[in-house]
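2 protein chains.
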Amino acid sequence: MAKTHRVGYQKIKALVMQSIRNGTWGPGALVPGEVDLAVQYGCARATVNRAMRELAEEGIIDRKRKAGTRVKQSPIRQAKFSISVIREEIETSGAAYRYMLVNRMQSTAPSWLCAKLDLKPTDQVLQLHCMHYSDKRPFQYEDRWINLSAVPNAADIDFETIGPNEWLVREVPFSDVELKFSATRATNTLADFLDCAVDDALFTVERTTWLNGTNLTFARMYFGVGYQLATKL
Amino acid sequence: MAKTHRVGYQKIKALVMQSIRNGTWGPGALVPGEVDLAVQYGCARATVNRAMRELAEEGIIDRKRKAGTRVKQSPIRQAKFSISVIREEIETSGAAYRYMLVNRMQSTAPSWLCAKLDLKPTDQVLQLHCMHYSDKRPFQYEDRWINLSAVPNAADIDFETIGPNEWLVREVPFSDVELKFSATRATNTLADFLDCAVDDALFTVERTTWLNGTNLTFARMYFGVGYQLATKL
DNA sequence: GAGTGGTCTAGACCACGGT
DNA sequence: CCGTGGTCTAGACCACTCC
C-alpha cells in the first residue's frame, strides 16, 4: 500500500483553510487545540504549530494561550509590499534609471518639520529636491529632509550623483520606518518636474525613518501620473 | 554560575541584524551556514533556522540551498498592510459607520472589463455604486463589479443594507487578491459624492479577487480628500 | 556528488491568562 | 490552578542546486 506522503505544514494549512471555508469552523468558532489536530492529521504538534502560526500571521485566525484558537470574524489577509530602492524598482522594470539633484540646502529645521519629527528649532537639517527618471521620462520627484543631528556625515555628501534614498539605505542603519500613502494635487512646480498638467492627481508616499527613537529623515515622494503600486497576496 | 538565559530565535535575529548593520556581513556577503551559527550562538539548528527564515521573509536576506545565505544588496523591509473590511476600519477609529447603495445594475460585461478580468462578452455582471461614511462624512466611493458567472447568488442580494465588500468577504471564498494603489483626479460625480472640489486628488485602491484562476470581483475605491494609508514596520 | 537549507519528529519546559 | 499556545532541542531525512 502506498505510504501516504508525510504530512507537511502546508498540507495542514490547506486542510484548515478548507474546514474554515466549508463552514466546519465558522467565523468565531473555536478550533481544536494543537494536540488534537496533531492526532487528527497524524503529525507532530510542531507541524501543526507552524501551520497555525502562519495562518495567524496571515490574519485568518486568532490565537491566545489558554483561550485557544478561533477563526477571525473577517478572515482578512495582509498585503505585503517590498519597499525597494527606487533605482532597483526602475531597473527591474527594464528601463534605464537616471537621477538628478535639483536643489540642496542646509538650514535650521522649519517649525512644521520640528513638530513632525520631534526636533529642536536649532537643529540643522539638509533639504534636498531630486528627480528620478525612468528611460528619460519623469518618474518621481523627491522632497527629502535629513536630520543632521542624527546623520552628521550627510553634510559632507553633495548628492550630485547618488540619490539620498540610496545613500541613506547603504550608509545609515535604521530601526523603524513609517510609510503613508496618499494623493496630491499637482502644483505648478510638480507639474513642471513631472511633465504633467497642473491639478493632475499624483500618487504620493511619505516615508519617515528612525533609529531607536531619534528621527533620521523624512521624505515626500511624488510619482508621475499613471503610477500604480501593485501587490498580490 | 548564572546559567545564561536560553538563546531564543528572536535573540538570534537581533544578533544577525546587528552583524549586518555594523558591517560584519555587508550587502551581498555570505552568512555562515545554519550549523555554524547554531554552534556559535549555542543553540539548536532549528532555532537558527527559524530566525533566518523570518529574516528572509522580511526581505533582509536571501537563502538558497547549497548556495547558502546572503545579505541582500538593499536590506529593505517589507511593508505590511492589513486590508480590512471598511466598516471595521472606520469603527476602529471610533467613528460611526454608515453605508448607502447608490446604484445597482445588472448587464453583460463591458469590453474593458472583459479584458481586465478575462470574461466573455456574454457574461453577466452586477455593477454597484456605493458610499461609505465615517460619522456622516464621506469616506469612500466604491465602484464594484461582480462576476455573476462565478458568484451567481450575488444576483439575489439587494445590497441595500450590507456593502458588497462585507458580503463578499463573508460569503465567498477566494484564493488570490491583487491590490493597486494610485491617485485619481476627481470628476464631477466623485466630487459630488465625496464632498470635495473637482480636480482634487483622490487616493484610489483597485482590488481584484480570484478563486483558483476565475475572477470573482473587481472594485475601484476612491477615498475622500486627506485620506492616508499608513503603516509602520 | 556533496553541501546547504527545508522540514518533520518526539519530547520537554515555559509563560500567559482564563477559571 | 492548569490548559493552551510558544518555544527549544537533538536528531533525522529530504530536495534542491552548485560544482
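Order-wise, the sequence lines are chains A and B.
Going by my numbering, the first residue of the first sequence is number 1, and it counts up by one from there.
Going by my numbering, the first residue of the second sequence is number 1001, and it counts up by one from there.
Where is the CB? At the ideal position from N, CA and C, for every residue including glycine.
As the structure is a computational prediction, the values presented were derived from the model and not from experiment.
- DSSP places residue 164 of chain A in no beta strand (DSSP E) but in the uninterrupted alpha helix (DSSP H) bounded by 164-171.
- Excluding the 5 residues flanking it on each side, residue 31 of chain A has same chain C-beta neighbours closer than 6 Å at 25 and 69, in chain order.
- Taking a Cβ-Cβ threshold of 7 Å, none of the residues of chain A is close to residue 1009 of chain B; the smallest such distance is about 12 Å.
- Restricting attention to B/1145, B/1061 and B/1094, the CA atom closest to the CA of residue 1108 of chain B is found in B/1145.
- For the segment 1169-1180 of chain B, the residues whose beta carbon sits under 9 Å from a beta carbon of chain A are, in order, 1169, 1170, 1173, 1176, 1177, 1178, 1179 and 1180.
- Rounded to whole angstroms, the separation of the alpha carbons of residue 155 of chain A and residue 122 of chain A is 16 Å.
- Rounded to the nearest whole angstrom, the C-alpha separation of residue 1041 of chain B and residue 1207 of chain B is 45 Å.
- The residue among A/219, A/125, A/179 and A/116 with its C-alpha nearest the C-alpha of residue 166 of chain A is A/219.
- Secondary structure of residue 6 of chain A (DSSP, three-state): coil.
- Nothing from the segment 1090-1122 of chain B brings a Cβ to less than 7 Å from some Cβ of chain A.
- DSSP places residue 1159 of chain B outside both helix and strand once states are collapsed to three, so it counts as coil.
- In this structure, residue 113 of chain A places its C-beta atom within 8 Å of the C-beta atom of residue 119 of chain A.
- Per DSSP, the unbroken alpha helix (DSSP H) holding residue 116 of chain A starts and ends at 111-117.
- Between residue 103 of chain A and residue 192 of chain A, the alpha-carbon positions lie close to 15 Å from each other.
- The beta strand (DSSP E) runs of length 3 or more contained entirely in the segment 1085-1152 of chain B are, from start to end of the chain, 1097-1108, 1124-1134 and 1137-1147.
- Interface criterion met: the Cβ of residue 1182 of chain B is under 8 Å from a Cβ in chain A.
- Residue-level contact check: residue 1140 of chain B does not touch chain A, since none of the beta carbons of chain A fall below 8 Å from its beta carbon.
- Between residue 1204 of chain B and residue 1184 of chain B, the CB-CB gap stays under 8 Å.
- Look at residue 1047 of chain B here: in three-state DSSP terms it is helix.
- Under the three-state reduction of DSSP output, residue 186 of chain A falls in the coil class, being neither helix nor strand.
- In summary, residue 105 of chain A is exposed, with fewer than 16 beta-carbon neighbours lying within 10 Å of its beta-carbon over all protein chains present.
- If you look at residue 1067 of chain B, you'll find it isn't in any beta strand (DSSP E); DSSP assigns it neither H nor E.
- Per the coordinates, the alpha-carbon of residue 229 of chain A lies some 8 Å from the alpha-carbon of residue 1179 of chain B.
- Taking 8 Å as the cut-off, the Cβ atoms of residue 48 of chain A and residue 34 of chain A count as close.
- When the beta-carbon positions are compared, residue 138 of chain A and residue 226 of chain A stay at least 8 Å from each other.
- Under a 10 Å Cβ-count criterion, residue 161 of chain A is classified as exposed, with fewer than 16 other Cβ atoms of the shown protein chains found around its own Cβ.
- In this structure, DSSP gives residue 1035 of chain B a helical state, which the three-state scheme calls helix.
- The Cβ of residue 220 of chain A sits no closer than 8 Å to any Cβ of chain B.
- Residue pairing by DSSP places residue 178 of chain A opposite A/208 and B/1232 in a beta bridge.
- DSSP, read as helix, strand or coil, puts residue 60 of chain A in coil.
- Residue 97 of chain A and residue 1168 of chain B have their alpha carbons spaced roughly 42 Å apart.
- Leaving aside the five residues that flank residue 9 of chain A on each side, the residues in its chain whose CB is nearer than 6 Å to its CB run, in chain order, 47, 50 and 51.
- Rounded to the nearest whole angstrom, the CA to CA distance from residue 115 of chain A to residue 101 of chain A is 27 Å.
- Residue 1229 of chain B has a beta carbon lying within less than 8 Å of a beta carbon in chain A.
- By the CB criterion at 8 Å, residue 86 of chain A and residue 129 of chain A fall outside the cutoff.
- Annotation: residue 1192 of chain B has no Cβ neighbours in chain A at a cutoff of 8 Å; minimum Cβ distance is about 17 Å.
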